[in-house]
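In order, the protein sequences belong to chains A, B, C and D. Residue 1062 in this note's numbering is what sits at position 5 of the first sequence, and the numbering runs on without skipping anything. Residue 1158 in this note's numbering is what sits at position 101 of the second sequence, and the numbering runs on without skipping anything. Residue 1085 in this note's numbering is what sits at position 28 of the third sequence, and the numbering runs on without skipping anything. Residue 1097 in this note's numbering is what sits at position 40 of the fourth sequence, and the numbering runs on without skipping anything. Cβ coordinates follow ideal geometry from the N, Cα and C atoms, glycine included. Below: one structure, written as structure tokens.
Protein chains: 4
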Amino acid sequence: MADDLVRRDAVQLNLAGAQTILAAAEAKAESMDLKVNIAVVDAGGHLVAFYRMDGARPASIYTAMSKAVTAALKLGDTGPVVRGGAPPDARLNVAIENAAAMSGGTFTTLNGGTALVVDGQVIAGIGVGGGTGSQDEEIGRAGRDALLQALQGQ
Amino acid sequence: MADDLVRRDAVQLNLAGAQTILAAAEAKAESMDLKVNIAVVDAGGHLVAFYRMDGARPASIYTAMSKAVTAALKLGDTGPVVRGGAPPDARLNVAIENAAAMSGGTFTTLNGGTALVVDGQVIAGIGVGGGTGSQDEEIGRAGRDALLQALQGQ
Amino acid sequence: MADDLVRRDAVQLNLAGAQTILAAAEAKAESMDLKVNIAVVDAGGHLVAFYRMDGARPASIYTAMSKAVTAALKLGDTGPVVRGGAPPDARLNVAIENAAAMSGGTFTTLNGGTALVVDGQVIAGIGVGGGTGSQDEEIGRAGRDALLQALQGQ
Amino acid sequence: MADDLVRRDAVQLNLAGAQTILAAAEAKAESMDLKVNIAVVDAGGHLVAFYRMDGARPASIYTAMSKAVTAALKLGDTGPVVRGGAPPDARLNVAIENAAAMSGGTFTTLNGGTALVVDGQVIAGIGVGGGTGSQDEEIGRAGRDALLQALQGQ
């Protein structure tokens, strides 16, 4: 009911779930011969667990985190906003970045942030930094899929 | 009179007025099956009242606020700057966004910020975030119109 | 079980619940002849609803929000940290403030942030700004108590 | 030799080492019935790995990180500066905190940051947040000792 004061069936990610995601994403990156940073945040955008693989760029710590937070708080995977099949509109995407700066600069339109959806709820964001946008995306999705499969097995 | 030291008939939005705007905007969004964030700021760009509808993106809190502040402080609805009927100039608008970033992300060229004009004075900005730019605009205008109608009835 | 990947009985605050809190806090402030800002954030520290009462200080928008976020994210009411009954240690509290600045400056040791606990979970933070610390606290608690009572009636 | 252009025997922490630290610190916290955030940063103060235990305060993410960075970059455990056996000087330590605020909240005088020293080199900082200062310290040292023992076994 729209008038409910609270919702009582919300799903939350536990540390064990985040570790499952990190292990699978790390294995995927290794199979691609890449060294990346992997961040998992909860639905509120707060860090649950993080791994930086040996040799991965420290600078990508921050893009990984920003991608994870963005996926969690925009309720969807990250990337430039595209409207109606047209190529991404530079102005629109700069405008989104800048408006988001009100939050303290946590948002990004970079690719590589993946939303984890369980029971129709976005319960976490997974952010990967160190490869190209599409490589980062592939690694994050491997982490996401590992958790979804593990949940089906329970 | 140009020499008046102060103006004594300025109009200011009260909390009850902001609540009228929020309720009408929320009802409009529900009728469109959308979940949005709605911010109402005063003429100084400071928050008066805010609602995040259940299921709306937390990331759009910040775009909604940025749109509201921009409408209040530029004394007009938000959107890309258009010169002489030509399509918006990406460079010009990125430049405006970049300059605006000096404000800390306060200003935006996104659509969806509506100025509330009463007796020829901009007394508030209404910002909506969560739909497309034109959906957000439609929702914000429903809020504005509800207040204007309520004022006529008084 | 500690090994659970996710938790499925988490409680979330809805907008209707936040409105219940705001209305009760506003009524309490009126009864005390005070004009305050009242912010309600979810468990992730993201704004759900906000009211600034007519005549309340715009500067207190930010203290109200900071108090609400702090209560949500530290899982308890705000205020200076006290250890062992001794008077608050200035160094300890400045240190906590500064360490927290890593988050972008959202945390505070001011009084007036109240954690809303339902089924043993902190599901929201309520922040009030405009009175003294103890007045703000009293107003926030009136909001919290109104929601807890409404939940008991359901 | 002082004239060497580079040093060739520097020790660096790997991700596997950071995971050893996190696992031992987490086990120690569980044995104390505490829920904490644990951060491990490298000698440059950049995050290598992080765990937030279920139910730990999100606000302590930032204090844990700040403690870890401080231990790594001041080359020693964190805590208030003490001069000549006297009790900590509040003014001195507030001054240090305030100067440190220039770093954006990176540095802290809070207890609970532990420097990891291998072959006479500080190779990492371990920061724990969620308990009292001395509890956090005890948990961080358990993580440090686990790594040192594992290295001796090699």
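Counting along the chain, L1173 of chain D sits inside the beta strand (DSSP E) bounded by residues G1170 to V1175. Here DSSP, grouped into helix, strand and coil, assigns N1094 of chain A to strand. Interface annotation, R1109 of chain D: in contact with chain A, CB-CB separation under 8 Å.
Residue contact check for T1077 of chain A against chain B: no CB pair falls below 8 Å.
Not one beta carbon of chain A lies nearer than 8 Å to the beta carbon of G1186 of chain D. G1197 of chain D: member of the alpha helix (DSSP H) spanning G1190 to G1210, first to last residue. Apart from the 5 residues on each side of it in sequence, T1077 of chain C sits with its Cβ closer than 7 Å to the Cβ of A1203, L1204 and A1207 in its chain, given in chain order. Contact between the segment 1115-1124 of chain D and the segment 1167-1183 of chain D is present, with at least three C-beta pairs closer than 8 Å.
Taking a cut-off of 8 Å for Cβ pairs, the segment 1098-1107 of chain B and the segment 1105-1122 of chain C touch, as three or more such pairs fall below it. Using a C-beta cut-off of 8 Å, the segment 1174-1183 of chain C makes no contact with the segment 1187-1195 of chain D, since fewer than three inter-stretch Cβ pairs fall below that distance. Per the C-alpha coordinates, the member of B:F1164, B:Y1119 and B:V1063 positioned closest to L1132 of chain B is B:F1164. Excluding the 5 residues flanking it on each side, E1154 of chain C has same chain C-beta neighbours closer than 8 Å at F1164, T1165 and T1166, in chain order.
Proximity of I1118 of chain A to chain D, defined by a Cβ-Cβ separation below 8 Å, is satisfied. In this structure, the beta-carbon distance from G1197 of chain A to A1084 of chain A does not fall below 8 Å. Contact between A1199 of chain B and V1097 of chain B is ruled out by a C-beta separation of about 13 Å, above the 8 Å threshold. By a beta-carbon distance limit of 8 Å, N1150 of chain D does not contact R1140 of chain C. Their separation comes to about 15 Å.
L1204, A1207 and L1208: these are the residues of the segment 1184-1210 of chain A whose beta carbon lies less than 8 Å from some beta carbon of chain C, given in chain order.
Assigned with DSSP and collapsed to three states, L1062 of chain D falls in coil, not helix or strand.
Annotation: the continuous beta strand (DSSP E) that includes V1105 of chain C extends over L1104 to R1109. For T1127 of chain A, a Cβ of chain B is located within less than 8 Å of the residue's own Cβ.
Among the CB atoms of chain D, none fall inside 8 Å of the CB of L1062 of chain A. 8 Å or more divides the Cβ of A1100 of chain C from the Cβ of G1184 of chain C. Here G1074 of chain B carries a helix assignment [DSSP, helix/strand/coil]. The Cβ of A1181 of chain A sits no closer than 8 Å to any Cβ of chain D. Within chain C, the C-beta atoms nearer than 9 Å to that of P1115 of chain B come from D1099, G1101, H1103 and L1104, in chain order. In this structure N1071 of chain B is not in contact with D1066 of chain C, their Cβ atoms being roughly 41 Å apart against a cut-off of 8 Å.
For V1126 of chain C, the uninterrupted alpha helix (DSSP H) segment begins and ends at A1116 to K1131. Identification of chain C residues near L1072 of chain B by a Cβ-Cβ cut-off of 7 Å yields Y1108, R1109, M1110 and D1111, ordered along the chain. With a threshold of 16 other beta carbon atoms within 10 Å, E1087 of chain C falls short and is exposed.
Assigned with DSSP and collapsed to three states, V1179 of chain C falls in strand.
At a C-beta separation below 8 Å, V1068 of chain C has these neighbours in chain A: V1063, R1064, R1065 and A1067. For a cut-off of 8 Å, the C-beta gap from V1068 of chain A to R1064 of chain C is around 7 Å, short enough to register as a contact. Under the three-state reduction of DSSP, A1067 of chain D is assigned to coil, being neither helix nor strand.
The residue from C:A1073, C:D1146, C:P1137 and C:S1117 with its alpha-carbon nearest to that of L1091 of chain C is C:S1117. Within 10 angstroms of the beta-carbon of A1073 of chain B lie fewer than 16 other beta-carbons, which makes it exposed. At the C-beta level, R1114 of chain D and L1130 of chain C come within 8 Å of one another.
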